[in-house]
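Enquirer:
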Amino acid sequence: MSRVRLTVERKYTHKLAVPVLFLLSLTGCGGGGTGIADGGDNGKPAGQVSACSDTASAAWVPEPDFYPAAVRYLQPGTAQSAAQIHKTRQADFSPDSVSFVAGSIQVPSGVMVDSDTADSAASTVHVSNNSIEQAQSLLNPVSVAGFVSRFAGFHYDPVGGSSPYPADTDDFYKITLNKGQLISLYSVDSVDGGAQAVCLLDSRGNETFTKTTGNRVKTMTVPESGHYYIQVHALSRAGLYQLVVGQGGVTRGAVRQSILSVDREFVPGQAIVKYSNQSVASAIAEAARGANVALTGPDGESVLTPLQPQNGTGALLDISSMVNRQLVNSGQVTATGVQAASDSQLKQATLDAIALLRRQEGVEYAEPNYIRRAFFEPSDPLYDAQWHYPLIHLPQAWSIAAVSDLAETRVAVIDTGIRSHVDMNGQIVEGFDFVDDDRDASDPGGSLHGGSDNFHGTHVAGTVAAVSNNGEGVAGVANLPDKNGRLPVRVIPVRVLDEFGSGADADIIEAIKYASGVANRSGITLTEEQRARVINLSLGGPGNSASLQDAIDLARANDVVVVAAAGNDGVSVKSFPAANDGVIAVGAVGPEQQRAPYSNFGQAGDLWLDVVAPGGDFSKDINGDGQPDGVLSTWDEDSYILLQGTSMASPHVAGVIALMRALSPDLSGLNIETLLENGDLTTELGARGKDPIFGFGLIDAALAAMAVSSKSVPAVLVASPARLNFGGSTDRLSLRLRNGGSQPLEVLTTDTDQPWLAISPKNIQADGTGEYLVSVNRNDLDIGVYSGKVSVVTTDGKTEELPVIMQVVDPAVASVDAGTQYVLLIRASTKDDVLPDTAQQITQVADGQYSYRFLNIDDDAYYLIAGTDMDNDGFICDEGEFCAEYPVLNEPELVNVAKDMDNLRMSTTYLLGFGQTGLNSGANSTVAGRRGYPRLLNSQ
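All letters in the sequence shown, in the order written, are residues -18 to 921 by the working numbering.
1) Secondary structure at Y579, three-state DSSP: helix, strand or coil?
2) Quick one: measure Cβ to Cβ for Y210 and G175, integer angstroms, because I've assumed they're closer than 8 Å.
3) By the three-class DSSP mapping on this structure, what secondary structure does N305 have?
4) Based on the DSSP output, what are the partners of L296 in its beta bridges?
5) Keeping to the same chain, check which residues put their C-beta closer than 8 Å to that of V319; ignore five residues upstream and five downstream.
6) With a threshold of 7 Å on Cβ separation, who are the neighbours of Q822 within its own chain once the five nearest residues in sequence on each side are excluded?
7) To test your reading of the DSSP string, which unbroken beta strand (DSSP E) runs of 3 or more residues are found completely within the segment 617 to 680?
8) May I have the straight-line CA-CA distance separating S690 from L684, to the nearest angstrom?
9) Assign M851 to one of three DSSP states: helix, strand, or coil.
10) Check for me: the beta strand (DSSP E) holding Y803 runs from which residue to which?
11) For the structure I just gave you, are there three or more beta carbon pairs, one from the segment 752 to 759 and one from the segment 777 to 793, closer than 8 Å?
12) Grab me the residues of A378's own chain with a C-beta within less than 7 Å of its C-beta, minus the 5 sequence neighbours each way, in chain order.
13) Can you grab the Cα-Cα spacing for the pair A935 / S380, in whole Å?
14) Per DSSP, which one or two residues make a beta bridge with N837?
15) Measuring only the C-alpha atoms, how far is V592 from N549?
16) So S85 is in the beta strand (DSSP E); what residue range does that whole segment cover?
17) Measuring straight from C-alpha to C-alpha, what distance separates L518 and P609?
18) Does the distance from the C-beta atom of Y154 to that of A116 stay below 8 Å?
19) What's the C-alpha gap between L679 and A594?
20) Where does N350 fall in DSSP's three states?
21) From E618, A382 and N501, pick the residue whose C-alpha is nearest to that of Y423; which is it?
22) Would you identify the three-state DSSP class for Q377, choosing helix, strand or coil?
23) If we ignore side chains and look at the alpha-carbon of each, how far apart do K199 and P122 end up?
24) For I395 versus A492, is the C-beta spacing smaller than 8 Å?
25) Put L163 into one of helix, strand or coil per three-state DSSP.
26) Answer yes or no: the CB of G676 versus the heavy atoms of the ligand HEM, is any distance below 7 Å?
27) Excluding five sequence neighbours on each side, which residues of the same chain lie with their C-beta closer than 6 Å to the C-beta of I505?
28) Specify, as a first and last residue, the run of the beta strand (DSSP E) that D610 falls within.
29) If you run the structure through DSSP and keep just helix, strand and coil, what is G443?
30) Rounded to a whole number of angstroms, what is the C-alpha to C-alpha distance between T780 and V773?
31) Which residue comes first and which comes last in the beta strand (DSSP E) that contains P371?
32) Once you ignore the five residues that flank S301 on each side, which residues in its own chain have a CB closer than 6 Å to its CB?
33) Beta strand (DSSP E) containing T889: first to last residue?
34) Looking at F128: is its Cβ nearer than 8 Å to the Cβ of A83?
35) Identify which residue in I857, R808, P145 and A643 has its Cα closest to the Cα of A688.
36) Per DSSP, what are the beta-bridge partners of N720 in this structure?
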């Protein structure tokens, strides 16, 4: 039996149990003072206690009996040894083994690690940062992984072993900041479920009392540009945290008078006019109140009727009299009005009248009364982190969906099952589990031995159908309330992958038949109303199957669109079912709209890849928000996580197709395939037509929505990325400017506001849209952090200002570093054992990456894992630590060693879950942190 495998994702979220009073204390972490640039003391407000002082924190440290009796702690200053145990078994390789496994681990841009974590193996490279004098210098933007603990103590293993952690009450960091930057502290994991405090100190070490918001995630805005210290203070035991410094958002600059174009939507016979002459403005106000005040046009004859007064903005005027005179003078209508003007004639005459008004003395500006349509941005609090939605013009598609009558559409997610989640309440219908052959298709979690819980199917389903605009968590592609408040998409959960992420063809075939409403092994045949219209398969493997093709043919015959992930091997090798006939094969791009390094692709003679969508790229932080550019979606119950892979790209496409079918219920699968092949659903990224790397191009939700509805989308400039982060080493970034609407838009000019910043066209169209190259020149610049803007002026009269951040790094500041990495080679046949057979190497960063090399390895199948153990609990890849899996995080595949395996590349990333309701107000409750992979404690 052939097997199709996709290894399930790992859960890295953790519910924190925090006393109520403790939560209240954290909200007062600052008092709203201002920072001092380059030194100075703004003074401490009378009676205000720092959230980072012992006085503030000690009040909220629970009594010792708050903790479980089985856990023992040491008070500061005491010493006690612990007998460490092996969390796993050292692999015993044959002396005759000759094969080796070697490769590298890439570190994401802007990543650093606390210089004095609890990791005992890293003690030789530890440097104290416990005071201002010892403050650790940081890059900017930066994401710092760290450890603090109010007391020393021990982690206890379930089988009786223990490993110590030290007291480390404070971490101090030295950094140059710009006004408006955001500082966020994520309290990720701790022994007692507590959080940490963060304080901003000026260059003299005086606290600025900058106000923070939030509890588990505390955020503050930098008040002024200058040199600062950031203090992270322990309020719990053995706490892991992430400190993120990022830049602010996109700004809109000055609006100049728009180019007058008949192609734009506006109200004929009306104008918005602002007069600099105060007497005219007063006359307009009088007329708007009903006074008999005459206002004449620039021709001295036409009457302008005020409809709305000028109160700091332009006045709305009825200029029908001027418009009529323009029509008569041009001979388009008769003076008696016998001949009616067409809509286009009325619009042109209105523009001609406005042009006359612009030339009138005392007119500051005159504009058409443009018709605007909402570009829907949902209220979901984590939407700002979903950079992948604007990349496919989803807000423009939502603006159509929000004013439409949407039909219910069902999407089958054939995967690991789907976990109940607060952001998908009511959207998950009954499904089937073909692994256990029962009706419970919930996602049970699970992963390799010792790994954290894993909810791959839940993540995929959230991208398709998380409820948008509900003020909760994230947005889903297709589940925005329509004009009647109805949510269109329901998800059918179908489980075919086990706890290790493997699924057999036989189960997948039956699942496809089940979702399509065809007789299958479950004995349940879904009705026309119950069956899926779209199937998503974020799974795959090598080797075609005639039986699998038959199942896909049955689905298509039942008018089901099948979408599948192209695979994560980063090669031009087919993955099935994506490469099966009739399946829409989806590759992945990162934030720069370039092929993600892991994404499979086609070749010139075999164009099996159909389309690409955002899959994430953990090696990037292009927008400078301090987080890796992964895809954010639902995880366990009430949490969210960033992942990368073609598994994440595929549901973007499935969601767009579901939205199309909700907008047009009679749309057939064949219609959709034809639209895709004609280029009506995508933005081209490569060669014209279909190419091996991108297929037909990047899925475009706005084009898809317009293709199946009668509604249009006004012109809007979409910049990707919308924020540019050059960090300390990048010199050039690609910027793509696109029209996200259906109406004409031209890029008139591009410019920058700093001498060290430049923009030049690279591959642009006649209308100015396309690819630009943005570059920085650090020559002759002093050490520090620099901010600038790229300005883009378009024909709608608007200037889009894209923020840019760049750093000239002090040579004394360490470069990117993800801490001490434990690289594990786990024999696959022992993954279920209490002590799995494991080889381990410990490695340090060099030139932005790690290297590893295992010698004399038996010919066998292995999993390749790497990560940190910053809290020294004997497990790598905990929540709050770095983790890498080959080839892609959360989708590990077997490494079959039958010869030397060289150049196996992985990318490490910080494991952070975004919990929304993960705070327990019970004063005497704790929740154990979720653990990753066991390491060899005594092996170096």
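Quick reminder that beta carbons are idealized off the backbone N, C-alpha and C, glycines included.
Expert: Let me lay it out:
1) For Y579, the three-state secondary structure derived from DSSP is coil.
2) Not really, about 23 Å apart at Cβ, beyond 8 Å.
3) helix
4) The question names Leu, but residue 296 in the sequence shown is Ala. DSSP lists V254 as partners of A296.
5) Below a pLDDT of 50, predicted positions are generally treated as unreliable, and V319, at 45, falls in that range; the measurement from the model is reported next regardless. Nothing listed; no residue qualifies.
6) V804, Y833 and F835
7) The segment 617 to 680 contains these whole beta strand (DSSP E) runs: 621 to 624.
8) 10 Å
9) Residue state, collapsed to three classes: coil.
10) Q802 to R808 is the span of the beta strand (DSSP E), which, as asked, contains Y803.
11) yes
12) Closer than 7 Å at the Cβ level, and outside the excluded window around A378, lie L640, A682, A683, A685 and A686.
13) Past the boundaries of the shown model lies residue 935; the chain is included only from -18 to 921, so the question cannot be answered.
14) DSSP output for N837 lists no bridge partner at all.
15) When rounded, the distance between both Cα atoms is 15 Å.
16) S80 to Q87
17) 25 Å
18) yes
19) 6 Å
20) In the three-state DSSP reduction, N350 falls in the strand class (E or B).
21) The residue asked about is misnamed: residue 423 is Ser in this sequence, not Tyr. The shortest Cα separation from S423 among E618, A382 and N501 belongs to E618.
22) helix
23) Rounded to whole angstroms, K199 to P122 spans 17 Å at the Cα level.
24) yes
25) strand
26) Absence of the ligand HEM from the depicted structure is noted, as is the absence of any ligand whatsoever, leaving it without description.
27) none
28) Counting along the chain, D610 falls outside any beta strand (DSSP E), and DSSP gives it neither H nor E.
29) helix
30) 5 Å
31) Element bounds for P371: not the beta strand (DSSP E) but the alpha helix (DSSP H), H369 to L372.
32) G250
33) Unbroken run through T889: none, as it is neither H nor E.
34) no
35) A643
36) L698
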